[in-house]
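Heads up: the structure comes next, in structure tokens.
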Amino acid sequence: MGSRPLGWTTELVAGTALVAVHGRLDVAGTPLMHAVLLKCLAEQPDALLIDLSELELVDPMALSVVTAVARQAARWPGTPLLLCGPTPEVNALVERGRYGRIPVHASVDQARRAVADGRVVVATLGDELLPISGAVRHARDLATEACASWDLTHLIGPASLVVSELVSNAAEHAGTMITVSFARRARHLHIAVRDGSDRPPVKSDSPGLDLRGRGLVLVDTVAQHWGWLPSRDGKVVWATLAA
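Using UniProt numbering, the first residue of the sequence shown is number 1, and each one after it goes up by one.
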């Protein structure tokens, strides 16, 4: 295999994201690859396929980037990762379990078939909101509808609180259209609020009368996990509640 600089192509087809990585991957290249994979997760695909057939692994430690992304995916949005077409060297490293238990398939086509054959229908609910005062109320109504529909009535209160704070934060600080989504996956309820600003959310623990950033303290208290990811056109702030 000829040496090439690290690069990739991405596509999203029928809900499945594919990142085809090519070239040399060393430890110095992991932050860039990490950022690319996280942006794909921000689109909340049904599955994320990582094609490693043209990857030249320079340093085995660099493969830990896949573990980090898989850990994030498990927290939110619950997207399964599948590795496709790795070289024998990479396949051996993955099979040893050092980088976590991530499914490996011989080719992208094989991985796509596995996703199609074993896909679990994910219950989702969402809407787009204007950054106005009524957005928070509508987001709470969506939380109630989602929890009631999925027999998670015990989460109506926590989900309503979390989505209220996230939408309020987006309306105040981003001022763009807001996309709210709820997803029921396995043992968690996933909440995501997307806006058009790339500014990261800031959690303020300082005392005083200024409430800016204090809403995220509530989210931090109520949610099992929360965080944010950059997206193609802004960011997604997410939270998960144990179901």
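The beta-carbon is built from N, C-alpha and C at its ideal position, and this holds for glycine as well.
Could you pull out every residue in the same chain whose Cβ sits closer than 6 Å to the Cβ of W226, ignoring the five residues on either side in sequence?
Start at 1 with the first residue of the sequence shown, and residue 226 comes out as number 226. Short of 6 Å from the beta carbon of W226, and not among the five residues preceding or following it, lie these beta carbons of its own chain, in chain order: V219 and A239.
Under 7 Å Cβ to Cβ from G232, same chain only, skipping five residues before and after it: list those, please.
Locating residue 232 in the sequence shown gives position 232, counting from the first residue. Correcting the residue type first, residue 232 is Arg in the shown sequence and not Gly. These residues qualify, in order along the chain: K39.
Around the C-beta of V193, are 16 or more other C-beta atoms found within 10 angstroms, so that it is buried, or is it exposed?
Against the sequence shown, residue 193 aligns to sequence position 193. With a threshold of 16 other beta carbon atoms within 10 Å, V193 meets it and is buried.
Option nearest G85 by Cα separation, candidates H22, H138, A143 and P77
For the purposes of this step, residue 85 is identified with residue 85 of the sequence shown, where counting begins at 1. Scanning H22, H138, A143 and P77 for the CA closest to the CA of G85 turns up H22.
Going by other Cβ atoms of all chains shown within 10 Å of its Cβ, with 16 needed for buried, is R185 buried or exposed?
Locating residue 185 in the sequence shown gives position 185, counting from the first residue. Classification for R185: buried.
Pick from W76, L93, P88 and V66 that is closest to L82, judged by C-alpha positions
Stepping through the sequence shown from its first residue, residue 82 is reached at position 82. Comparing Cα-Cα distances from L82 to each of W76, L93, P88 and V66, the minimum goes to V66.
Three-state secondary structure (DSSP) at M185?
Working through the sequence shown from its first residue, we reach residue 185 at position 185. At residue 185 the sequence reads Arg, which differs from the Met that was named. Strand.
To the nearest angstrom, how far is the alpha carbon of W228 from that of K235?
Position 228 of the sequence shown holds residue 228. Position 235 of the sequence shown holds residue 235. Rounded to whole angstroms, W228 to K235 spans 7 Å at the Cα level.
Euclidean distance between Cα positions of A123 and A183
Taking the first residue of the sequence shown as position 1, residue 123 is located at position 123. Taking the first residue of the sequence shown as position 1, residue 183 is located at position 183. Each residue's alpha carbon lies about 6 Å from the other.
Are the beta-carbon atoms belonging to P230 and I178 less than 8 Å from one another?
Taking the first residue of the sequence shown as 1, we reach residue 230 at position 230. Taking the first residue of the sequence shown as 1, we reach residue 178 at position 178. Their beta carbons are not under 8 Å apart, which means P230 does not touch I178 by this criterion.
Pull the bridge partners of E128 from the DSSP assignment, please.
Locating residue 128 in the sequence shown gives position 128, counting from the first residue. By DSSP's assignment, E128 forms a beta bridge with T179.
According to DSSP, is S204 helix, strand or coil?
Here residue 204 corresponds to residue number 204 of the sequence shown, with the count starting at 1. Under the three-state reduction of DSSP, S204 is assigned to coil, being neither helix nor strand.
Option nearest T79 by Cα separation, candidates L48, E95 and L241:
Translated into the one-based positions of the sequence shown, residue 79 becomes position 79. Closest option to T79, Cα to Cα, is L48.
Quick one: measure Cβ to Cβ for residue 296 and T9, integer angstroms, because I've assumed they're closer than 8 Å.
Since the displayed the chain opens at 1 and closes at 243, residue 296 lies outside it and no answer follows.
What residues are listed by DSSP as bridge partners for L12?
Locating residue 12 in the sequence shown gives position 12, counting from the first residue. The secondary-structure analysis by DSSP pairs L12 across a beta bridge with A17.
Going by C-alpha distance, which of E43, I191 and L37 is nearest L50?
The residue you call residue 50 lines up with position 50 of the sequence shown. Reading the sequence as shown, one finds Ile at residue 50 and not Leu. Nearest of E43, I191 and L37 to I50, Cα basis: L37.
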